[in-house]
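Asker: Note that the numbering used here gives residue 587 to position 7 of the sequence shown, counting from 1, and the numbers run on in steps of one. C-beta: ideal position from N, C-alpha, C; glycine also.
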Amino acid sequence: MAVRPEKQAIVAELKEELSKIQSLVLTGYKGLNVSQDTQLRTKMREAGVTYRVVKNTMLRFAVKELGYEELVPYLEGTTAIAYSAEDPVAPAKVIEAFIKENNLAKTDVLTVKAGVVDGKVIDEAGVKELASLPSREVLIAKMLGSMQAPISGMVNVLQGTIRNAVYVLEAIRKQKESA
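(1) Please state whether the Cβ-Cβ distance between leucine 606 and tyrosine 654 is less than 7 Å.
(2) For arginine 584, name the three-state secondary structure that DSSP assigns.
(3) In whole angstroms, give me the CA-to-CA distance for leucine 639 and valine 591.
(4) How far does the alpha helix (DSSP H) with isoleucine 661 in it reach, from first residue to last?
(5) Roughly how many angstroms lie between the CA atoms of asparagine 613 and glutamate 645, to the nearest whole one?
(6) What does DSSP give as the partner residue(s) for valine 697 in the beta ladder?
(7) Which residue from Gln588, Ala759 and Glu649 puts its Cα closest to that of glycine 695?
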């Protein structure tokens, strides 16, 4: 059975987009109402994350061609993908935050199926762990702070030495004045 050209084009487009990503999260969205879906898509756009609903068969072809065969078992039921080319943590963070904000944790309305980070397939627990990581900006700020700490310490030590030299000179001046 031959695959129709329009479907081949969709698979090729998916494959091209997914080949550039840093992370991907597969979700099930059964029962998500229009207002919740709109709200979720808005949050995704704000975070620079692409979110789209795809047919499992099309996604199955694309992920197999990209070497993510471990995702195939998760491609059942309703499936949407959230992915980012810039921030590997953003898709997981947005989805987990949305689930918490809308009290969907104990429902099947929006569920995390699996994900991909740095070319490795992770399960739902891995996606939740990824979402708990600090953002890129926070990590950069922490790194810069730790890089500046030794420099600040050295400046304080050098200032202390200069300060002590000034105290010694002041003591000598006072001693000579009193003599």
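Answerer: So, to answer that:
(1) yes
(2) coil
(3) 7 Å
(4) Careful: isoleucine 661 lies outside any alpha helix (DSSP H), inside the beta strand (DSSP E) at 660–664.
(5) 33 Å
(6) Ser603 and Lys700
(7) Glu649
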